[in-house]
Amino acid sequence: MKKFLHFLTTAILIAGSLLVIAPAHSAAGTVGTGNCQSTVGETSYFTASTSGNYCILTFKAAASTSTISSTWTVPSGVQAIQVLVVGGGGGGGSDIGGGGGGGRVIDSSTIVSPGAVTSLTAGQGGGSGNGTYSTNNTLNNTGGVTGTSSSFGSITALGGSGAIGRTKSSGTATGWDYNGWTGGGGGYGVTTVTAGVGGSSYQGGAGNNSHGGGGGGSGGAGSAGVTTGGAGGTGTNNSITGTSVCYGGGGGGGTNGTVGSATCGGAAGTSGNPTPTTATPGLGGGGGGGGGNASPNGGQGGSGVVIIRWLPGQTITFTQLADQNIDNYSSASLVATSTSSLAVTFSSSTPSICTVSLTTVTFATQGSCIIQADQIGNGSYQAAPSVSMTFTIGGVVQLTITSSTPFIYRTTETITVVTAGLAGKVTLKQGKVRIPGCISRNSSAGNSFTVTCVWKPSQRGNIAISAIFDPTSSTYSTTTQQFVSFIAGRTNKR
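When you number the sequence shown by my numbering, it's gap-free, plus one each residue, and the end is 671.
Here's what the structure looks like:
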């Protein structure tokens with residue numbers, strides 16, 4: 178019993194440990210309501226909202242310390258979206274360090290396919306520089322880290338570069354990285370900085386002997402530290418959510434006595450704070466602010482974000498028309514509805530075969546008629562995907578009859594009747610009487626029909642033969658076609 182209780186206790190402890198350390202992830206599911214509902218791969222990372230008639234979906238981590246990935250399934254009927262992709266901001270440098278660079282901001286109008294599953298990534302804000310230059314080592318770097326990229330499908334926004342921290346007595350501070358979109362600011366004593374190698378022309382500002390430079394922003398360069406910490410470069414204002422928000426601003430440079438600020442616009446750090454605190458993380462892909470000397474750690478770069486905006490979609494249900502017989506009817510009515518209840522319009526893709534006026538299709542000749550149904554949308558719904566419907570217009574069957582001419586008196590002859598690839602029955606008659614030896618034959622769809630007659634005419638000269646085709650489908654009419662053949666005498670004598 179003791180052994181059993183020990184085993185049970187151990188099992189409970191292990192199970193409890195597993196429950197404690199297991200990562201908390203929500204399952205795939207739906208977010209949003211009504212016309213704005215959509216399916217995502219990880220519901221906890223998404224926030225659904227609306228702006229007027231538009232659906233808004235924001236994908237972002239709760240904190241800026243991780244890169245997250247998930248999927249979004251394009252809702253039914255949705256063919257066009259606007260997407261904003263913002264890379265993670267760069268971390269600020271420590272010990273009077275520079276401000277981190279802002280992440281790249283991409284605003285794109287994108288064509289999508291209903292039901293398509295798209296991958297999303299929201300980049301991590303770059304880690305901040307920490308500690309002081311006097312204790313700098315591989316685990317305690319004064320430079321900030323570049324933020325990671327955000328993406329929507331193939332649209333990728335690079336993170337901002339990490340800022341440079343304070344220089345050591347020999348050489349520059351370590352830990353910073355210029356592989357981002359914008360440049361990070363220079364820390365104390367760093368007078369030369371460059372733009373991020375990811376492609377932006379916006380670089381961070383240089384530091385001087387008491388102030389760090391501001392980080393480059395998605396909309397402008399950071400300023401140098403002169404009498405205060407340098408201002409971070411301006412970010413990019415965007416109203417995709419219905420409200421103007423600034424994304425990707427550079428972090429402010431640190432100064433002697435306080436940390437740099439990390440507002441989206443990259444305001445400068447201010448001096449004279451008697452009890453400075455760790456720099457605040459950047460907003461929406463903004464760079465972290467530089468640290469001061471009394472509170473040396475820089476600010477964490479802001480989280481990357483992906484925001485999707487779209488008008489609700491709609492779909493069309495088009496009632497299939499049965500095949501038509503032009504001998505019996507000259508037109509038919511078209512019926513289609515949209516999920517938005519907006520009126521559907523029709524057009525003919527085969528005007529030589531059929532034409533359309535409002536909801537009526539008129540038959541011009543035999544053939545395949547293709548009708549397209551459309552709903553162009555309005556301020557509440559985007560256009561519906563077009564739906565096409567095809568039906569056959571039939572009538573009198575065109576027969577092709579071939580035979581040897583002339584027929585030879587009392588000789589077996591072959592008559593071939595081509596029924597235009599239709600199934601039915603073919604009968605051959607002379608006058609009103611079926612030709613002796615020529616029985617009725619069923620024809621197959623897609624094949625010509627061959628009738629072989631063993632026929633010994635009792636007369637010579639011209640005779641009239643009728644080929645009668647009775648189609649299986651009511652789309653086509655029974656057809657009778659005559660041809661005249663000459664019965665010649667045999668050339669050999671008995």
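Quick reminder that beta carbons are idealized off the backbone N, C-alpha and C, glycines included.
Taking 8 Å as the cut-off, the Cβ atoms of residue 241 and residue 480 count as close. Residue range 245-250 is occupied by the beta strand (DSSP E) that includes residue 250. 255 is the residue among 652, 538, 610 and 255 whose C-alpha sits nearest the C-alpha of residue 290. The alpha-carbon separation between residue 551 and residue 540 amounts to approximately 21 Å.
C-alpha of residue 563 to C-alpha of residue 524: approximately 11 Å in a straight line. The beta-carbon separation of residue 324 and residue 395, rounded to 12 Å, does not stay under the 8 Å limit for a contact. Between residue 270 and the set 300, 340, 204 and 577, the nearest pair of CA atoms involves 340.
Under the 10 Å beta carbon count, residue 318 is surrounded by 16 or more other beta carbons and is classified as buried. By the Cβ-count criterion, residue 376 is exposed, with fewer than 16 other Cβ atoms from all chains shown falling within 10 Å of its own Cβ.
Residue burial annotation: residue 613 is exposed, with fewer than 16 other C-beta atoms found within 10 angstroms of its C-beta. Sixteen is the threshold: since fewer than 16 other Cβ atoms of the shown chains lie within 10 Å of the Cβ of residue 520, the residue is exposed.
Restricting attention to 432, 624 and 665, the CA atom closest to the CA of residue 639 is found in 665.
Per DSSP, the beta-bridge partners of residue 232 are 227 and 487. Taking a contact to require three or more Cβ pairs closer than 8 Å, the region 572-579 and the region 587-595 qualify as touching.
In this structure, residue 344 and residue 310 form a Cβ contact; the two beta carbons are roughly 7 Å apart against a cut-off of 8 Å.
When the five nearest sequence neighbours on each side are left out, the beta carbons in the same chain lying within less than 7 Å of the beta carbon of residue 238 are those of 222, 245, 299 and 480, in order along the chain. Out of 573, 650 and 643, the CA that lies nearest to the CA of residue 600 is found in 650.
Taken through DSSP and simplified to helix, strand or coil, residue 211 comes out as helix. Within the same chain, and ignoring the five residues on either side of residue 536 in sequence, the residues whose Cβ sits closer than 7 Å to its Cβ are 510, 511 and 523. Under the criterion of beta carbons closer than 8 Å, residue 303 and residue 266 qualify as touching, at roughly 7 Å. Here residue 382 has 362, 390, 391, 399, 400, 401 and 407 as same chain residues with Cβ atoms under 6 Å from its own Cβ, once five neighbours each way along the sequence are excluded. Secondary structure at residue 586: coil, using DSSP grouped into helix, strand and coil. Of the residues 609, 513 and 257, the one whose Cα lies closest to the Cα of residue 493 is 513.
The beta-bridge partner set that DSSP reports for residue 272 is empty.
Each residue's CA atom was taken as its position, placing residue 547 and residue 527 some 6 Å apart. Relative to the Cα of residue 515, the nearest Cα in the group 490, 468 and 426 belongs to 490.
Residue 546 has 568 as its beta-bridge partners, per DSSP.
Annotation for residue 288: 256 and 257 place their beta carbon closer than 8 Å to its own, counting only its chain and skipping 5 residues before and after.
Between residue 352 and residue 336, the gap from beta carbon to beta carbon reaches 8 Å or more. Counting C-beta atoms within 10 angstroms of its own C-beta, residue 506 has fewer than 16 neighbours from the protein chains shown and is therefore classed as exposed. Its Cα nearest to that of residue 631, the residue 616 stands out among 253, 229, 616 and 561. In the three-state reduction of the DSSP assignment, residue 295 falls in the strand class.
Cβ atoms of residue 218 and residue 247 come within 8 Å of each other, at about 4 Å. Sequence-distant partners of residue 607 (beyond 5 residues in either direction) whose C-beta falls short of 8 Å from its own C-beta, in its chain, are 640, 641, 642 and 643. With contacts defined as CB atoms closer than 8 Å, residue 667 and residue 633 fail to qualify as a contacting pair. DSSP, reduced to helix, strand and coil, places residue 525 within a strand of the structure shown.
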